[in-house]
Amino acid sequence: NFMKISKRPLFKELCKIIGENHVHSWKTCDFWNRIKLLGIENNNVNYQCVYRLLQYLVQEHFLESNYSENGYAYTIYNETLRMSDFRINFCIEPLSPIHRLQLKNKSFDDHLSFMLEEINAYEDLKTSFPELQQEINDLIQLKKNKTLKLQAKQRAIDSLLKYISNKRSYGS
């Protein structure tokens, strides 16, 4: 399935854009405008190719989207945790395992700050909607649990990187 998608028109260009950026609150035009900067002709066929690739990334859970009633041009895209796997497989030259671990950790960092911003937004909502306090607190707790899991994964990667570094330093 991945091999099929990697042969589709503009896949390489989209990978370049995704490899160089973190996708948070992007619309289709944000991807399209960056792809045009790579020298791709501005026409409807190319735009549709990009849109279909984005739909594939949503289907495969690399991106999540919030569809807008105003049409697909207003759909908002955010990357998921799986996007780091996509980057490792498609967007960059083959990397050493250490570099891939560092990349994964960077992805966790980005997601952590995104989730902490979301928790702050929920806290703000509590004052505006006191009648929804319980529901908002439930969501805050869910986000905090996800944050703890991410931090545990980060610590595991950090420990592994330190272990590898020490092992190489001391030649054990």
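Note that my numbering has the sequence shown beginning at -10, numbered continuously upward.
Each residue gets a CB set at the ideal place from its N, CA and C atoms; glycine is no exception.
- Message: Would I108 and R89 qualify as a contact pair, given that the criterion is a beta-carbon distance under 8 Å?
- Response: no
- Message: Taking the straight line between their C-alpha atoms, what separation do you get for E2 and Q143?
- Response: 30 Å
- Message: Report the start-end ranges of each beta strand (DSSP E) in the region 25 to 77 that is 3 residues or longer and not cut off at the edges.
- Response: 52 to 55 and 65 to 68
- For the region 60 to 69 and the region 10 to 20, state whether three or more C-beta atom pairs, one from each stretch, are separated by less than 8 Å. yes
- Task: Under 8 Å Cβ to Cβ from K25, same chain only, skipping five residues before and after it: list those, please.
- Result: N31
- Select from L131, K95, N33 and N55 the residue whose C-alpha is nearest the C-alpha of I146. K95
- Item | 7 Å Cβ shell around F97 - same chain, five flanking residues per side excluded | L139, K142 and Q143
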